[in-house]
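Colleague: In our numbering, the protein residues as written are 28 to 163. Yeah, the Cβ is synthetic: ideal placement off N, Cα and C, and Gly gets one too. The model shown is predicted, which means the values in this text are computed figures rather than measured ones. Quick one: the structure is below, questions incoming.
Spelled out as structure tokens, the structure:
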């Protein structure tokens, strides 16, 4: 039985695979452990999703700030890589590809905005999150 106070439910379905359901829309996705941890690696690992979550949060926040200034960031992309070891996730590397010229007047503001994303703020303080920016 699902308690509607929560927004997601995750179930272990065996063979190191989990299925998560986003309760409001009933959308389900799967995660696997990496092969190096005896997983099937057919779906993203939780570490990959953490990197993607950070990328989505940064991109969403930057897009809102830009839109408020009348700038559309359609086409913006963020590549993410969680560097994992037997100790866990050691670093999340990001590459932000902006559809704007490097000389754009909002550049500094948008880069600073990305650093204030709530997901980044929730990560442990010693987790490195280097960001490479690529402007048109």
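Can you tell which of 133, 140, 46, 111 has its C-alpha closest to the C-alpha of residue 62?
Modeller: It is 111.
Colleague: Taking all protein chains shown into account, do 16 or more other C-beta atoms lie within 10 angstroms of the C-beta of residue 74, making it buried, or fewer, making it exposed?
Modeller: It is buried - the Cβ of residue 74 has at least 16 other Cβ atoms within 10 Å.
Colleague: Could you pull out every residue in the same chain whose Cβ sits closer than 7 Å to the Cβ of residue 158, ignoring the five residues on either side in sequence?
Modeller: Same-chain partners within the cutoff: 121, 123, 141.
Colleague: Please determine, among 34, 87, 135, the residue with the shortest C-alpha to C-alpha distance to residue 99.
Modeller: It is 87.
Colleague: Check the DSSP bridge columns for residue 53 and list the partner residues they point to.
Modeller: DSSP output for residue 53 lists no bridge partner at all.
Colleague: What are the start and end residues of each continuous beta strand (DSSP E) run of 3 or more residues lying completely inside the segment 76 to 110, in chain order?
Modeller: You should have found no qualifying run.
Colleague: Which term fits residue 129, buried or exposed, when burial requires 16 or more other beta carbons within 10 angstroms of its beta carbon?
Modeller: It is exposed - the Cβ of residue 129 has fewer than 16 other Cβ atoms within 10 Å.
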